[in-house]
Every structure is written in C-alpha cells, then in structure tokens.
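Protein chains in written order, with the working numbering: chain L, -6 to 306; chain P, -6 to 306.
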C-alpha cells in the first residue's frame, strides 16, 4: 500500500485469542505502522516473539502504550479497570483507548474514570471467538463478517469513533454503535445466557450417578456435544462476564426459567400440540442466522464426515 | 463383491434423514440384495424414485415388508406402535424387525406386542443425525464412527442380534447393547435434555421485549447460534421423544435445574471462585469427546471462515 496506515502504532494489552487475532489481521491488512504487545512472563514474551505477528513484545504495559495512537485492552473484563489506571499516565494525547470486553456497562464504569483528558475512550466488543484461548489460538480471519459493537460514551470525539470503526472494518467486521446498557442486554441473551446454560448442562452430565462420564462422551453426538464447545471457553474470561453483567444475566435467566417451566409442564401433561407448536417456531431463527451468513448452512455446522470404506472380504 | 449380501431385501418404512441415510450407506456397502421403501403420497414416491437410492418405492407398508428379511421403521417414535400392528400380518418368518427411535422403553412397549411369533424384534437407535430432515437430507456417511445402540428384549435370538450388529457395523457404526431403560436414561442427558434446553432458549430469545429478533440473529455468533442448530430439528420427531421418554427427561431436568440454581446463586453472591471452579471442570468433557473422535478438534466445530481481502485504495 502506498498510503499511510490507519494507526502509527497499535498497542495490544493482552495476547490471547482476541489480541492475537487482531495482531494477525491488522498486520495482514496493513492497518498499523507498528504493532506492539506486552507480557509479564518471560515465557509468554518468548512465545509471542516466536509467532512473529507483532513487531515488539515489551515487559510492561506502560512501555507498550508509550507512543501508541491506538491502545486495545484484550484482557478479561475484571482486569480492565486496574490496567486502565496503570497505563493512564503513559498514554499519548489524542490516542484512542479501547477494549474488547463482552460487558460494556462495567467497562464504562471501571475504565472511564481513569482515561485522561485529551485521550479518546471508545469501548468495543467484537462478537466473535472460538473455544480456544492463549497466544497460539488467534487467526487473521476471526472477525470477518462478525459484528463489532462500539459503545462510546456520550460526547466522545466523532472522528475517534470513526477511526476505530475503520480499523474494525479493516479487520473484516461490521460495526454497530449502541449504548452500554443495551449492549449488555443483547449480549446477555445472545452470548452470556447460552454460555451459562452450556456450562450448567455439561456440569450436570459430569456428575450423574446413573450415567457414567464415559457414556456421556460416547453418546454425545445426540446433541450434547454441541454444548461442550462453548463450555470449554476460557474460565477467567467467563467468570468476569457473569460478575460484570449480573443484572442482565439474572433477568434473562428469569425469562428462560419461565419458558423452561412452560415446556416442562407441556411434557408432564402430555401436551404434544404445545410442544409441536414451540418446536416449529424455533426453526425460523436458525434460518435467519444462516441467511445473513452468521452460521454455516451445511448440516451439523459442516462437521467433517469420514468416507465409507468397504471391509475387505 | 462375490459373496452374498447380508440381507436379501431390506424394507425401510419411512424415508427421512435416517431412512435415506441407511438406504444410501447400505447400497454403497452392498449390504442388501434389494432395498425397498414405501410412501403414501405420490409426490414423495416420485421424489424418492428420482433420488435413485432404493430399488423400489411401494404404495403401502404391507407391500414393502413382504419378502423382506430386514424391516426397519424409520419414523417418529409415536408412529411405531400403529405401524408395527399394520405390517405384522405381512412379515416373513425369521425376518428381523427393527427401528431407529430415540426412545427404547416406549418402542418395546408399543411395538413388542405386535411382533408375530418367529419374527425377531431387535430395536436399534443410531446416535447420529443432523438438523435437516426429509428424503433429500440423508447421506451415506452419517453413521460413520457414531454409536448404534441395540436393545433386544430378553430371550431374543442371538443370531438375529448379531446379524443386525453386522449390518450397522457395515454402515460404519460402532454397536453397543443396553437395556431399554438404561438407554432412555443415557439419551435423556446426552440428547433429549440438550434439545429441550436448546428449544427453550431459542424460544426465549424470540419473545423478548427488550431485544429484537433481528439483534438476536445478528449477534448470535456470541454463542447463541450453537443452540439454534438442534432447535431446528424435526418437530414431530422431537414431540414424540419428549412424550415417550417423559420420566427420564423430567428426572434429568430436575438435576439440571438444581445445578442451574447453584450457578445462579454464585452469580448473585459474586462468588467468582465457585464460577471459576465450575468453568474449569467442564473443559475436560469436551477434551474427552474430541479425543474419541465424537467431535471435531478444529475451533468452532470447523466452521468455515472467509479470507481477508484488502479493500481497494
């Protein structure tokens, strides 16, 4: 590219699935003159250097953010407040500070007060991920066709918001702007409650007296295995999500419990008609998701199948 | 193959995902001299004939089972009793009658009494499927590496059981034998409860006042979309499963509700330690499932990702 990159220097604080994916995609798209990250442990620094997807790996967050015009915290929600406080004195004037947290009310509350005058605070949440974590798990294509939600506080500089929007669009994402409160309600149903329920049922299956774990694992293709993917997500990240979005999660959980009671009652009363009606209705949502490219149309999420081979006679 | 096929004539009653997959796989593996099926509607008969995966499509079940040495009912559990009664007078001596139902206690109770003396009754349940249904949805590889559970009543002819085991092994499945009651408990947790919960949460998301359906669809990559796949399964089949396996489903649901209350309480009390401990434990089950080849090790079930393309400057 002959034109200037969008940012001179992007500092990624945290290099797990999301940080690592941003680095790879931003580099592939030439969105940053330089990409730096930091890691406290020498072992992690060595690993990230080996991956050769960032320009420098620094020992402290303070060093990493110096001279950066975009700083993105890619760490669990609960760590964002303290890290914002830590880096505040080292931030450049006019820099944009953002994050990737799955809860936005708590981010506004915990990070907001630490952001110095003259620095633009534009929280973000890319709605994308896999069940893998750690520096090796990232990949450049993670954000393609996924939404990234920005929740700038009222009065945020419009040019800063636009620049961050361009950055995420460059990574392949579609960008939408919301209030933190609405974001937290939407994500409570599209992400947080599904994770809570998946974590619950996988735990239930693991502790049954009448059915062994080995049976659960063997016969998981009946549906259960679909839940185990998101129940294998990063525990620290998810602990923080539930603590930070408590109110909205409890509210959605209340509605879910009412609906589960209704279906349970239909089963108990042999009300086949109510069950059939409900099961027919839920097909439409899947169709909508596939139609707008948010999931694969292939059966079974496109899971691979082996070929049939005839046994030798 | 120079040797005789395992069965002279296989009659498949019902030609949806499972019936259609059995036909394709049995033909590919040369397991049957002839494969026949039946359909009441002329339109379905025409469609199945077009697919060219069976030898003949007959108008009635009675005609289909005549001369068959293996008859498999590939229809919803609730229809199996009446169809067993209907075909009973036309079954050949020494034929094997089986099914593919997801509940086995009800099958023993509803089909068992109609099976004539001299005919072998060996119920079966291949633990495999996709969210698609209908005659076009089947494929020969569906059963590869999946388990098929046989639940022969006490005293069933061992040679008949062995022959059906060979048939399923030929389709690529691993075969296991259980009592109907134990089968129904195992499947209640590995398949029925996951479906009930998926149906519930997809319904919940569809009816919220604060979050629109379009938002649910757009931001579904946060976890929700994983649930929509099994909530798009065949409504008739699943209505019958819940009515037929009521006791075991209600029992598992009781345990699930207790566990969900425990996690809810941990969130309400800000007990991060309890959440972290639970979320760490559930990772092991996923590992077990991937290790024995019951799910893909690729992130996101191996869902495809588009390539990054640089925008033209």
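Even for Gly, the Cβ is constructed at its ideal location relative to N, Cα and C.
Near residue i, which residues of its chain fall below 8 Å by C-beta distance, leaving aside the five closest residues on each side in sequence?
i             : result
residue 129/L : 13, 40 and 44
residue 104/L : 66, 73, 74, 77, 90, 92, 114 and 116
residue 120/L : 139, 140, 141, 142, 180, 183 and 184
Report buried or exposed for residue i, applying the criterion of at least 16 other Cβ atoms within 10 angstroms of its Cβ.
i             : result
residue 87/P  : exposed
residue 208/L : buried
residue 127/P : exposed
residue 247/P : exposed
residue 226/P : buried
residue 97/P  : buried
residue 183/P : buried
residue 297/L : exposed
residue 110/L : exposed
residue 278/P : buried
residue 95/L  : buried
residue 148/P : exposed
residue 302/L : exposed
residue 170/L : exposed
residue 275/L : buried
residue 238/L : buried
residue 151/P : exposed
residue 197/P : buried
residue 266/L : exposed
residue 34/P  : exposed
residue 232/P : buried
residue 254/P : exposed
residue 299/L : exposed
residue 202/P : exposed
Go through its chain and collect everything with a Cβ distance to residue i's Cβ below 6 Å, but skip five positions before and after it.
i             : result
residue 286/P : 138
residue 165/L : 136 and 137
residue 8/L   : 30, 41 and 128
residue 11/P  : 67 and 93
residue 4/P   : 29, 57, 58, 61 and 64
residue 305/P : Note that residue 305/P scores 45 on pLDDT, short of 50, meaning its location in the model is unreliable; the coordinates nonetheless yield the value given after this. Nothing listed; no residue qualifies.
residue 256/L : none
residue 191/L : 220, 223 and 224
residue 295/P : 289
Taking DSSP as the reference, what is the three-state secondary structure of residue i?
i             : result
residue 115/L : coil
residue 299/P : coil
residue 260/L : helix
residue 142/L : strand
residue 253/P : helix
residue 14/L  : helix
residue 288/P : coil
residue 294/P : helix
residue 134/P : coil
residue 45/P  : coil
residue 305/P : Note on residue 305/P: pLDDT 45, under 50, position unreliable in the model; the coordinate value appears next. Here residue 305/P sits in coil by DSSP.
residue 275/L : coil
Identify every residue that forms a DSSP beta bridge with residue i.
i            : result
residue 5/L  : 30/L and 65/L
residue 25/L : 0/L
To which residues of the same chain is residue i closer than 7 Å at the C-beta, ignoring the five residues directly before and after it?
i             : result
residue 146/L : 101, 105 and 114
residue 194/P : 220
residue 17/L  : 46, 131, 132 and 133
residue 124/L : 222, 223, 225 and 226
residue 230/L : 69
residue 206/L : 199
residue 37/L  : 128
residue 83/L  : 55, 58 and 59
residue 290/L : 283
residue 157/L : 89, 91, 115, 117 and 143
Taking 7 Å as the line, does the beta carbon of residue i fall inside it for any heavy atom of the ligand PLP?
i            : result
residue 39/P : Of the ligands one can find in the structure shown there are none, so the ligand PLP has no counterpart to examine.
Inside the segment 144 to 222 of chain L only - alpha helix (DSSP H) runs reaching at least 4 residues: Those alpha helix (DSSP H) runs which fall completely within the segment 144 to 222 of chain L and span 4+ residues are 151 to 163, 173 to 180, 186 to 199 and 206 to 211.
Quick check for students: name the residue ranges of the beta strand (DSSP E) that lie wholly in the segment 49 to 126 of chain P, counting only runs of 3 or more. Counting whole runs of 3 or more residues, the segment 49 to 126 of chain P contains the beta strand (DSSP E) stretches 49 to 51, 63 to 66, 89 to 92 and 117 to 119.
Alpha helix (DSSP H) runs contained entirely in the segment 221 to 246 of chain L, provided each spans 4 or more residues: For the segment 221 to 246 of chain L, whole alpha helix (DSSP H) runs of length 4 or above, ordered along the chain, are 228 to 237.
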